[in-house]
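As structure tokens, the structure follows; a few thoughts come after it.
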Amino acid sequence: TVRKQVKENSNLALVRTKKANKMAVRRLKNAGKLMKENKKEEFYDEVLRALWGYLSDKLSIPQANLTKDNVETELAKYGVDDALIKEFMDILNTCEFARYAPAQASDAMDKLYEQTVDAIGKMENTIKK
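In my numbering, the protein residues as written are 1371 to 1499.
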């Protein structure tokens, strides 16, 4: 209903939380295009933006205040299991390392892309907001 929509839109944190997945998917589609064009650095940047943006929106923490430590703590508070938290942290670390490492094979980008899509999907099913 219109009334429900107005109420939800007035709560900005709720709106950001609900749109977190949609924004992450949009960024990941862009990352997929960059991967096909073999733009390695831009690809890893976009995956990082998708992950950090998703976490910021989902956890209602400004991106400037996000660190790996507080993300781990917050995800644990939301009942996310340790294996999924580790998966997220591994993807973040891989992206940060790959941006500055010598060129890797495109299958590494493919694999990371699939892991990221999978991890965000699992996170969506875990953190229901």
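Beta carbons are placed, not taken as given, at the ideal position from N, Cα and C, and that holds for glycine.
Next item on the list: Report the rounded CA-to-CA distance for Ala1446 versus Arg1386, giving the unit in angstroms.
Entry: Counting from one through the sequence shown, the residue named residue 1446 turns up at place 76. Counting from one through the sequence shown, the residue named residue 1386 turns up at place 16. C-alpha separation (whole angstroms): 20 Å.
Notebook entry, point to check: Out of curiosity, what's the CA-to-CA distance linking Ala1488 and Met1459?
Noted result: Position 118 of the sequence shown, counting from 1, holds the residue named residue 1488. Position 89 of the sequence shown, counting from 1, holds the residue named residue 1459. Here residue 1488 is Asp; the residue named in the question, Ala, does not match the sequence. Roughly 14 Å separates the two Cα atoms.
Next item on the list: With a threshold of 16 other CB atoms inside 10 Å of the CB of Arg1373, please say whether the residue is buried or exposed.
Entry: Translated into positions along the sequence shown, residue 1373 becomes position 3. Arg1373 should be labelled exposed.
Check: Residues in its own chain within less than 7 Å of Ala1401 by CB, not counting five upstream and five downstream?
Finding: As a working note, residue 1401 is residue 31 in the sequence shown. Phe1413, Glu1416, Val1417, Ala1420, Tyr1483.
Item checked: Pair within 7 Å by beta-carbon distance, Val1441 and Leu1454 -> As a working mapping, residue 1441 is identified with position 71 in the sequence shown. As a working mapping, residue 1454 is identified with position 84 in the sequence shown. Contact: no.
Next item on the list: Report, in whole angstroms, the separation of the C-beta atoms of Ala1449 and Thr1496, which I expect to be a contact under 8 Å.
Entry: Sequence index remark: in the sequence shown, residue 1449 carries index 79 (1-based). Sequence index remark: in the sequence shown, residue 1496 carries index 126 (1-based). Sequence inspection shows Gly at residue 1449; the Ala mentioned does not correspond to that position. Between Thr1496 and Gly1449 the Cβ distance is about 7 Å, and since that is below 8 Å, they are a contact.
Margin query: Quick check on this structure: which residue in Asn1463, Asp1477, Ser1430 has the alpha carbon closest to the alpha carbon of Lys1389?
Written below: Numbered from its first residue, the sequence shown carries residue 1389 at position 19. Of the listed residues, the one whose Cα sits closest to Lys1389 is Ser1430.
Checklist line | Where Ala1471 falls, given that 16 or more other Cβ within 10 Å makes a residue buried | finding: For the purposes of this step, residue 1471 is taken as the residue at position 101 of the sequence shown. Exposed: under 16 other Cβ atoms inside 10 Å.
Notebook entry, point to check: Excluding sequence positions up to five away, which residues of its chain have a Cβ less than 6 Å from the Cβ of Tyr1492?
Noted result: Taking the sequence shown and counting its residues from 1, one reaches residue 1492 at position 122. What sits at residue 1492 in the sequence shown is Lys, not Tyr. Once the five neighbours on either side are set aside, the close Cβ partners of Lys1492 are Leu1454.
Check: Of all the alpha helix (DSSP H) runs that stay within the bounds of the segment 1397-1449, which reach a length of 4 or more residues?
Finding: 1410-1429, 1438-1447
Notebook entry, point to check: Cα separation between Lys1481 and Arg1397?
Noted result: Against the sequence shown, residue 1481 aligns to sequence position 111. Against the sequence shown, residue 1397 aligns to sequence position 27. Rounded to the nearest angstrom, the two C-alpha atoms are 17 Å apart.
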